[in-house]
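Novice: In my numbering, the protein residues as written are 12 to 66.
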């Protein structure tokens, strides 16, 4: 196994594309079924035009 050292000042990053499935699973876990997150028809009529992820 290769040793991995982290020291003060080091940084790391990653990316994640949030899928519709991710949003529905998060809604299920948190109980937050706000139409902003799960109602496509509602959000298509909004200024956003599409669903938004929690956060």
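We treat Cβ as the ideally placed atom computed from N, Cα and C, and that holds for glycine.
If you draw a straight line from the alpha carbon of residue 56 to that of residue 18, how long is it in whole angstroms?
Specialist: 49 Å
Novice: According to DSSP, simplified to helix, strand and coil, what is residue 51?
Specialist: Residue state, collapsed to three classes: helix.
Novice: Return yes when the C-beta of residue 22 is under 6 Å from any heavy atom of the ligand FMN, and no when it is not.
Specialist: For the ligand FMN, the structure offers nothing, since it holds no ligand at all.
Novice: Sorted by chain position, which residues of the same chain lie with C-beta nearer than 6 Å to residue 67's C-beta, five sequence neighbours on each side aside?
Specialist: With the chain represented from 12 up to 66, any question about residue 67 goes unanswered, as that position is not in the structure.
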